[in-house]
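S.K.: In the numbering used here, the protein residues as written are 453 to 548.
Glycine is no exception: its CB is placed at the ideal position from the N, C-alpha and C atoms.
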């Protein structure tokens, strides 16, 4: 009987390891940790405030990038094509 108990306990060790390392085990651990954190409303309010700040920051960054793109587009449109030097003109200036 004692051998049977030892054998079952030895089999439970790898089974326990597999279950705890699985997605199910991680989900259970996360749920237990969330219960211990405290009031979830405060946690959610903090997360929402953080996300709202990130959305505002990303919107400002997107606006800045749009303005930069418009400026570069305007520069390329108003540039005089004759004012740029081609490869042949650059080589001629170097040899002269």
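Beta-carbon within less than 8 Å of residue 511's beta-carbon, same chain only, minus the 5 sequence neighbours each way: which residues are those?
M.R.: Here residue 511 corresponds to residue number 59 of the chain shown, with the count starting at 1. Answer for residue 511: no residue qualifies.
S.K.: If contacts are defined as beta-carbon pairs under 8 Å, then residue 477 and residue 484 qualify, I think. What distance do you get, rounded to the angstrom?
M.R.: On the chain shown, residue 477 is found 25 positions in, with the first residue counted as 1. On the chain shown, residue 484 is found 32 positions in, with the first residue counted as 1. So it is not a contact: roughly 11 Å between Cβ atoms.
S.K.: According to DSSP, simplified to helix, strand and coil, what is residue 532?
M.R.: Looking up residue 532 in the chain shown gives position 80. The answer is coil: DSSP assigns residue 532 none of H, G, I, E or B.
S.K.: Which class does residue 469 belong to by DSSP, given the choice of helix, strand or coil?
M.R.: In the chain shown, the residue the question calls residue 469 occupies position 17. The answer is helix: DSSP assigns residue 469 an H, G or I state.
S.K.: What is the rounded straight-line gap between the Cα of residue 520 and the Cα of residue 531?
M.R.: Position 68 of the chain shown holds residue 520. Position 79 of the chain shown holds residue 531. Residue 520 and residue 531: Cα-Cα distance of roughly 17 Å.
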